[in-house]
Each structure stands twice: as structure tokens, then as C-alpha cells.
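Taking this note's numbering, the leading residue of the sequence shown gets 33, the next gets one more, and so forth.
All residues carry an ideal CB built from backbone N, CA and C; glycine is no exception.
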Amino acid sequence: MSMDSIPISSQTNKFIYLKGISGFGNRIRSFLEAVFYSLITGRKLLVDWTDGVYAPRGINAFDSFFDSPIVTPSNNPSLLVPDKCSVIPPSWQGGLGGNWRDRINYIKWREDDIDHVDPYSYFNLEPNRFDYPEDVIVWLSWTFRWGNFQNHRHIFPDQFKQLSRDAIKAILMRDYIQLKKHIIEAIDQFQRNNFGPNTIGVHVRYTDNLLPKFVARRNVIVDNYFPIIDKLLDAKPDLGIFLCTDNIKVLELFEKSYSNVFSTPKFYPEDNGAIHSSKLCEDKVLMGEQALVDMFLLSRCERLLHTGTSSFTEIPLLIMGLNKGISVKDPDRNMGDSTKILKLPVVNFPLFANSASYFGPSLAGSDEFLRCQDFDIFSVSNGIVNLALHKQATQSSLSRWSSPSESSAAVSGIKSGEQSFHTDREPSPWWQVDLGRISRVTSMVIFNRGRKDTPMANRATSMMVLISTDGLCWEKVYSGGGSFGGWLDNLPLVLSCPVGKQARYVTLQLAEENYFHLDEVEIFGEYLG
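Shown next as C-alpha cells:
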């Protein structure tokens, strides 16, 4: 779709006022979120990056780097809002054009009800409503909060209703934000002069090591990159290595280790701090352009090595395809043929073996394991179909993050890596699907929220699978066998069923007190009769 053909938002008297916060990766993610909210609600999007990070205070950095068909350039977007408009959060009333940090400092000593420990929360809202009556919604975010959107597909624009989270973000990235011409030309020139036929991108954000709050989750060990690069070089000795880093010492180490490393010239802070917030930078606009050149050059590489925790690399991966990324913290995930996006490996799981009939949520069951062969979930034939697709589903409870109709989102055919349903925290929470009629079940593929062995995914480790032909007498055919992943890491739980198992109802239930949430459930088999 051409940017010139994008429709302008219809509610010109209603606005989303997007504030700039953090680095480019977070800003672009937040921009895509605000665009999507704008497309759903018809509100006009205003972008205010006058916070002084990527341009001098008072200069709208967004307009220095990007064009968008739905954003009107302005160094003071607050002037595009009519006087006496109502604003939410109300802490922004009368200070719409102010810097968010200054606004926090101004307000927090004058209001008794502000949480002084986390004043940020007073200036932000979750986009979980689409009917705010206020004229202006101030948007302050680091990311794309998909969880607030995913259960409202009925109000998505038609082109997005059947798409996953990442597909939606990729389209928004393609159609609603474009680099300035001179930045594209700089990217093209560097690629012509340096990229060979085989070039991998390597992103090392060493600044993460300087953030004690996140060390356990985001600590960067540079040596972890080298075995992966060596393996890629064994396969392609002429491989070029485009290094994107924020630390001159990292660059020197790579240049010492490999002969075919190249990197763009850029500003490196002498104190090894974050580039985008460095007080030592004399030209913030140039620094921003250098960062964007790096970011979008990464998207033109054959593969991208990254930590898996940086928002900076999320943007090029949206452009090049998530399957082109190789996380140094999970290197085996995408090291193989990148065309086999969901070709599942040979694994061992506890399956439908020696199961026990019972009434109610008994914990008795079998620990026997059967071998599950390579299984391509998109290749079903000989009358085998996804019996659960678009069927009626229910769940034991709703959480504060839930919507009333979310149960059936887990059988919508759409996978995102997030939760489709979310129960409250309770003893033995459950989710159930009615297949419509008694069917022969051959296999199941269960996609978890998040990646394997993460806290969110581990909530499902005690999950049982129960089947019934009448909804009264239940048979437990699987009991928890450890953590499993889903769409994000290509490691869903794959269960193979012995010939002859019949069911109309399938229940997934935890054997403990916890929250229960999954992304997608696929039940393959054939209808009887």
C-alpha cells in the first residue's frame, strides 16, 4: 500500500497525543501502538518528540527523521489541539506540550494523591478502552501493549482482523512510518559500499550491563556471540559481519577476532553510557540519524544476531522477518532453515498413554512418554482438520485483563505469543472447547503465552488435558510434563493420540492454584459419521 493512499483519521476533533520516551526502538513500538489505536477509534494522531533526546528541546525530533501519512508535522503539536479540550490522564490538562519528565516534577509536589514512588503511573493509561469520552488521550509508552488489543478483534479494521500481532505490527511499520529521504540514501550508500552477497548483522548493546535493575534478565556476555558467528562462518567463509554496537571496546574486540567486520562511524560516549541519553553528545540530530542508519541496515542483513531483549532489534526484525533473527540466549531456535518457520523438532512429551477414566478433576494419570515425530502443523490431509477452529469455548473465570468473549480467541486460528484467554488466580483454573460433535482426535498442538521456561509460560507446567464424549464422564489423557513454548519460539506442546480416541469436549486444566492463560489450541482429527 502506498503511503499516499492511507486514509486520514476521521474523528478530527478527537486526538491521540503521543509523547516521546526512551530510545528509538521503544519510540517506534509506541508509535505503532498509537497508530493502531488511531485506526480503530478514528482519532487523529499527534506526535510530540520535543523532549530533547534526539533533537534540541522544542524541536520535534519525529519530523526530523520520519514521515507518516497520518501525522501532521509540527514543532508544537499542542497548538493543533483546540482550546478547552478535555484531556486524559487529567494530569496533562494545561500542560499538553510540556516535557513528560518536567510535567512529573511540576505536578508531583502539588497533588496529594500522586504515587510519589511511581509518579509515571499518574501520567499514563492502559489502552484497554476504545470509548474514552475525552477529546485528547495522552499516550506515554515504551512498547506495543498487545494484550489490551487482542480480545477486541471485532472492532479491528478489516485488513487486520485475521492477522497475528507481529503481522499487524509489520504492516503498520510498512505503511505508516517512513524514513526521511536523506537517511534512506545514507543507508543505501553504506550498503552498496560495504555489504557483500552474504552479510549478517550483529547487535551488541553493551549499555545493558550498566543497568543493575535488569542485570539478571538483560546482561550481555559478548563471548556468547562468537560460537554462533563461527558456526555461520563455517557454512559461509565469505560472510561479512555488520556490527552495530554502542561501545567502542566491543567494536575493537570484534575487529580483533574477525577480519571481515565493518561498522558505521558514529558517536561513542567516553563514559560507556547509553548513546541516546548521553550528555556528551554535541549533535543530537546527527546522533539520531546514525542510530537509524544502523537500525535499518540491520534489516537488510541475511540474519540478525541479537540478545533477544533489546527493542532496538525488534524493529529490523519486523521488516526482515522474525525467523531471520538468532538470539544469543537461545541460539538453536532459528539457526536452521529459516523457511521452516513452524517445522517442529523431534521431541519427547507425555502423551495420551495408559490414561485413566474418572469423574471430576482427579490428579491420577500416566507418566508414560511417547515419541512425537516431526510435525508440520500446516500440513493436514486425509480428512484430518483442526476440529477446534472457531468452536465455542468457555473458561472457569475472568481476570481483570479479560474480556467477556475471550475464551473463543484461543481457537481463532490466530497466534501472537500473547494470551488469548486469561483466568483469575484460583484453584485448578480451566478452559474448555466444544468440538460440536463426537470426533476422532489424532493430535493436539497447544501454543503457550511467551517462550518456554519464562515465568509466564511456566504457569502452565501443571496443565492436564481431559476429554469427554458427553461432558459428564472425563478421561485424563495428559498431565503436566514441564514448560513449553509457542508461537514466539516454535516450541508449542505437541501431543499425539493413539488411534481410536474419541471426544466432543476437551478441557485444559491446571493442577494447582494459579492464573491460566494460553495463546492458541489446535485439536486435529476427523469428524465421525
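Using a C-beta cut-off of 8 Å, the segment 442-452 makes contact with the segment 518-527, since at least three inter-stretch Cβ pairs fall below that distance. In this chain, the alpha helix (DSSP H) harbouring Asn226 covers Lys213 to Asn226.
Note that the segment 453-470 touches the segment 541-550; at least 3 beta-carbon pairs, one per stretch, sit closer than 8 Å. By a beta-carbon distance limit of 8 Å, Asn45 does not contact Asp163. Their separation comes to about 15 Å. For Gln221, the closest alpha carbon among the candidates Val325, Phe176, Leu271 and Val282 is that of Val325.
Per DSSP, the unbroken beta strand (DSSP E) holding Arg335 starts and ends at Arg335 to His338. In this structure Gly126 is exposed. Its beta-carbon is surrounded by fewer than 16 other beta-carbon atoms within 10 angstroms. The beta carbon of Ala492 sits closer than 6 Å to those of Asn480, all from its chain and outside the five residues before and after it, given in chain order.
Burial check for Ile478: the Cβ neighbour count within 10 Å reaches 16 or more, so the residue is buried. A distance below 7 Å between beta-carbons, with the five flanking residues on each side excluded, links Thr426 to the following residues of its chain, in chain order: Ser439 and Gln464.
Selection Ile200, Pro459 and Glu287 evaluated against Gly353 yields Ile200 as nearest (Cα-Cα). Taking the Cα positions, Ala66 is about 11 Å away from Ile102. In the structure shown, Asp315 adopts coil according to DSSP, grouped into three states. Secondary structure of Gln125 (DSSP, three-state): coil. Boundaries for Gly482: no beta strand (DSSP E) harbours it, and the DSSP string shows neither H nor E there. Beta-bridge analysis with DSSP links Val465 to Ala425 and Val538. For Thr104, no alpha helix (DSSP H) encloses it, and the DSSP letter there is neither H nor E. Judged by DSSP in its simplified three-state form, Ser118 adopts coil rather than helix or strand.
The three-state secondary structure of Gln322, taken from DSSP, is helix. With respect to Gly513, Lys484 sits apart: the two C-beta atoms are not nearer than 9 Å. In this structure, Tyr257 sits away from Val293, with a CB-CB distance that is not shorter than 9 Å.
Straight across, the Cα-Cα distance linking Arg185 with Phe344 is about 28 Å.
Nearest C-alpha to Thr296 among Ile260, Asn225 and Asp270: Asn225.
Contact between the segment 95-110 and the segment 178-197 is absent: fewer than three C-beta pairs spanning the two stretches fall below 8 Å.
In the structure shown, Asn355 adopts helical secondary structure according to DSSP, grouped into three states. Setting aside the 5 residues that flank it on each side, Asp80 is surrounded in the same chain by Lys51 and Pro109, each with a C-beta closer than 6 Å to its C-beta; the list follows chain order. Per the DSSP secondary-structure output, Thr501 pairs with nothing in a beta bridge.
A Cβ-Cβ contact shorter than 9 Å links Ile219 with Leu211. Between the segment 331-339 and the segment 48-63, the count of Cβ pairs shorter than 8 Å is below three; the stretches do not touch.
A distance below 6 Å between beta-carbons, with the five flanking residues on each side excluded, links Ile209 to the following residues of its chain, in chain order: Phe98 and Ser100. In the three-state reduction of the DSSP assignment, Ser471 falls in the strand class, which pools E and B.
Each residue's CA atom was taken as its position, placing Arg206 and Asp502 some 49 Å apart.
Remark: C-beta atoms of Lys298 and Ala93 do not approach each other more closely than 9 Å. Nearest Cα to Glu552 within the set Gly482, Val360, Lys213 and Leu330: Gly482. Approximately 33 Å separates the beta-carbon atoms of Ile358 and Pro189; this is outside 8 Å, ruling out the contact.
Here Val473 is near Gln534, since their CB atoms are less than 9 Å apart.
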